[in-house]
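**Q**
Protein chains: 2
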Amino acid sequence: MSSEELAAWGQTTAAQVRKDLSHFGSFGKRGLGYQAGELCESLRTLLGIDRSWKVALVGAGRIGLALYEYPAFRSRGYDCVAIFDSDPEKIGTAWGDQSICSLDVFEKVMEERGVELVILAIPADAAQEVASRAVEAGVNGILNFAPIRLNVPAEVPVEDVNLVMELEALSFQIKQRKQDV
Amino acid sequence: MSSEELAAWGQTTAAQVRKDLSHFGSFGKRGLGYQAGELCESLRTLLGIDRSWKVALVGAGRIGLALYEYPAFRSRGYDCVAIFDSDPEKIGTAWGDQSICSLDVFEKVMEERGVELVILAIPADAAQEVASRAVEAGVNGILNFAPIRLNVPAEVPVEDVNLVMELEALSFQIKQRKQDV
DNA sequence: CTTACTTTGTGCATGTTGTCTCAACGATGT
DNA sequence: ACATCGTTGAGACAACATGCACAAAGTAAG
Numbered sequence: 015m016s017s018e019e020l021a022a023w024g025q026t027t028a029a030q031v032r033k034d035l036s037h038f039g040s041f042g043k044r045g046l047g048y049q050a051g052e053l054c055e056s057l058r059t060l061l062g063i064d065r066s067w068k069v070a071l072v073g074a075g076r077i078g079l080a081l082y083e084y085p086a087f088r089s090r091g092y093d094c095v096a097i098f099d100s101d102p103e104k105i106g107t108a109w110g111d112q113s114i115c116s117l118d119v120f121e122k123v124m125e126e127r128g129v130e131l132v133i134l135a136i137p138a139d140a141a142q143e144v145a146s147r148a149v150e151a152g153v154n155g156i157l158n159f160a161p162i163r164l165n166v167p168a169e170v171p172v173e174d175v176n177l178v179m180e181l182e183a184l185s186f187q188i189k190q191r192k193q194d195v
Numbered sequence: 015m016s017s018e019e020l021a022a023w024g025q026t027t028a029a030q031v032r033k034d035l036s037h038f039g040s041f042g043k044r045g046l047g048y049q050a051g052e053l054c055e056s057l058r059t060l061l062g063i064d065r066s067w068k069v070a071l072v073g074a075g076r077i078g079l080a081l082y083e084y085p086a087f088r089s090r091g092y093d094c095v096a097i098f099d100s101d102p103e104k105i106g107t108a109w110g111d112q113s114i115c116s117l118d119v120f121e122k123v124m125e126e127r128g129v130e131l132v133i134l135a136i137p138a139d140a141a142q143e144v145a146s147r148a149v150e151a152g153v154n155g156i157l158n159f160a161p162i163r164l165n166v167p168a169e170v171p172v173e174d175v176n177l178v179m180e181l182e183a184l185s186f187q188i189k190q191r192k193q194d195v
């Protein structure tokens, strides 16, 4: 596969593809292109997705459920090993093979099950506290759905997903294009 | 509120705040700073979020449900005026005040209800077809949760949300920091 | 009115990112 | 063996974003 083909596939330019890849090493053969299978494998290793990760889900609401049932998660190596919620009615009930735990036992469960990643699917006002506790418990990274900027040490990466902001970005783009016309 | 305060709030620098705002006009007063309320209002207008948008939800699965029930949506002016699904068992049943429609009447409903934005919460293999039909029906923008790159004309903005990629980005960052140490 | 103080908006320097171009290199065919 | 073709990897260059510094402008106080 040539950089040209890869570029078409990824909506970019051939030069960009080559330059990006060259940051990590030399994967292609001149005159031939890149061997797709090998390249994939190398990239998986580089990105750290050539293994499975142990994930805890905090928040057993609608978003939590959607994530938990999302098949692509498990198939890409993200194993949900714990679910937490603060609602006493939910604690003890089970989703699939996981029973929902109280936040009272957060630290204990996190350590016992060797959780590496935490997904925060809880309201904004509870997110910071849980995030801090997760960092304290030695979590490696946080995927945050709450609409606030978490205050955590720089060593702990945070990825934010803000659904309303995605819609607002759309609104802005639409407005822009209408004005251009 | 000074640019300094705004910067602290938004995790950036005062100069950055001023420069970004200056792209859109002159909002502050020298010696005084920015008047928060006025600034918010101006930005809302600039971003096109000073009005409400009519949204159709395609896909009445877990993710669709999570979005539909997400209170921040409605409160920010995104009104869900239609829900579509291909599952015959779901068609006709209701969520809240919306009854789920068949994709057979997609074009008709889209026009009747004046849908402006479409949210695709369906599997990847169905997403392209619905996207094309939505464009044909004159939609203004698409929020896409399916893990594929939609092929649509440049006039129609698309925002992609790929949850697995977010986790993979986390994995990469974690790997990077571990190597640095 | 004048002076001291605060804060914006912008020109300038610097660093980062994307694009273009081309020599180096491997494969293929004569 | 040799020339030709296709493609990479890297250096040069242009575009863009970021950070700094300061004049302009407004406030407040004597």
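Protein chains in written order, with the working numbering: chain A, 15 to 195; chain B, 15 to 195.
We treat Cβ as the ideally placed atom computed from N, Cα and C, and that holds for glycine.
All of these numbers come straight from a predicted model, not from anything done at the bench.
Taking the alpha-carbon of E83/B as reference, which of K33/B, G39/B and D111/B has the nearest alpha-carbon?
**A** Along the second sequence, one-based indexing puts residue 83/B at 69. If we check each option's Cα against that of E83/B, D111/B comes out closest.
**Q** How many angstroms separate the CA atom of D194/A from the CA atom of C94/B?
**A** The residue given as residue 194/A occupies position 180 in the first sequence. The residue given as residue 94/B occupies position 80 in the second sequence. Distance between the alpha carbons of D194/A and C94/B is about 28 Å.
**Q** Would R163/B count as contacting chain A if we go by Cβ distances under 8 Å?
**A** Translated into positions along the second sequence, residue 163/B becomes position 149. Yes - at least one Cβ of chain A is within 8 Å of the one on R163/B.
**Q** What does a CB cutoff of less than 8 Å around F19/A pick up in its chain, not counting 5 residues either side in sequence?
**A** For this step, residue 19/A is matched to residue 5 along the first sequence. Checking the sequence shown, residue 19/A turns out to be Glu, not Phe. G47.
**Q** Given a limit of 7 Å on CB to CB distance, which residues of the stretch 117 to 147 of chain B reach chain A?
**A** If the cut-off is 7 Å between Cβ atoms, the stretch 117 to 147 of chain B has L131 near chain A.
**Q** Looking at the strands, I want to know which residues DSSP matches up with K104/A.
**A** As a first step, residue 104/A must be located in the first sequence, where it is residue number 90. Paired residues: none, contrary to the question.
**Q** Assuming L184/A and G155/B are in contact, meaning their beta carbons sit under 8 Å apart, how far apart are those beta carbons, in whole angstroms?
**A** For the purposes of this step, residue 184/A is taken as residue 170 along the first sequence, with counting starting at 1. For the purposes of this step, residue 155/B is taken as residue 141 along the second sequence, with counting starting at 1. Going by Cβ atoms, the distance from L184/A to G155/B rounds to 4 Å, so yes, they are a contact pair.
**Q** With the cut-off set at 8 Å, would you say V149/B and F159/B are in Cβ contact?
**A** Start at 1 with the first residue of the second sequence, and residue 149/B comes out as number 135. Start at 1 with the first residue of the second sequence, and residue 159/B comes out as number 145. The answer is no: Cβ separation not under 8 Å.
**Q** Considering only residues of the same chain and omitting the five flanking positions on each side of G107/A, which have a CB-CB separation below 8 Å?
**A** For the purposes of this step, residue 107/A is identified with residue 93 of the first sequence, where counting begins at 1. Reading off the sequence, residue 107/A comes out as Thr, not Gly. The answer, listed in chain order, is S113 and I114.
**Q** Just checking: is the beta-carbon of F87/B within a distance shorter than 8 Å of some beta-carbon in chain A?
**A** Working through the second sequence from its first residue, we reach residue 87/B at position 73. So, interface residue.
**Q** Buried or exposed for W67/B, please, with buried defined as at least 16 other CB atoms from any protein chain shown within 10 angstroms of its CB.
**A** As a working mapping, residue 67/B is identified with position 53 in the second sequence. That one is buried.
**Q** Here's the rule: buried if 16 or more other CB atoms are within 10 angstroms of the residue's CB, otherwise exposed. What is V119/A?
**A** Locating residue 119/A in the first sequence gives position 105, counting from the first residue. V119/A comes out exposed.
**Q** Considering Cα atoms alone, identify which of L157/B, Q49/B, N165/B and I188/B is closest to G73/B.
**A** What you label residue 73/B is simply residue 59 of the second sequence in a count that begins at 1. Of the candidates L157/B, Q49/B, N165/B and I188/B, the one whose C-alpha sits nearest the C-alpha of G73/B is L157/B.
**Q** In the structure shown, what three-state DSSP assignment does G47/B receive?
**A** As a position in the second sequence, residue 47/B is number 33, starting the count at 1. G47/B falls in the strand class under three-state DSSP.
**Q** Give the secondary structure of E169/B by DSSP, where H, G and I count as helix, E and B as strand, and everything else as coil.
**A** Stepping through the second sequence from its first residue, residue 169/B is reached at position 155. Note: E169/B maps to coil in three-state DSSP.
**Q** For L71/B, return the contacting residues in chain A, with the cut-off set at a CB-CB distance below 9 Å.
**A** The count along the second sequence starts at 1 and reaches residue 71/B at position 57. Within chain A, no residue comes near L71/B; the closest Cβ sits about 12 Å away, beyond 9 Å.
**Q** Along the chain, where does the beta strand (DSSP E) that runs through F98/B open and close?
**A** Indexing the second sequence from 1 puts residue 98/B at position 84. F98/B -> beta strand (DSSP E) spans Y92 to D99.
**Q** Would you mind sorting M179/B into buried or exposed? The rule is 16 or more other CB atoms within 10 Å of its CB.
**A** The count along the second sequence starts at 1 and reaches residue 179/B at position 165. M179/B comes out exposed.
**Q** List, in order along the chain, the chain A residues whose C-beta lies closer than 7 Å to that of V105/B?
**A** If you number the second sequence from 1, residue 105/B lands on position 91. The residue asked about is misnamed: residue 105/B is Ile in this sequence, not Val. Neighbours of I105/B on chain A: none; closest Cβ ~21 Å, over 7 Å.
**Q** Quick check: what's the CA-CA separation for W23/A versus F41/B?
**A** Residue mapping note: residue 23/A aligns to position 9 of the first sequence, counting from 1. Residue mapping note: residue 41/B aligns to position 27 of the second sequence, counting from 1. Looking at the two C-alpha atoms, the distance is approximately 42 Å.
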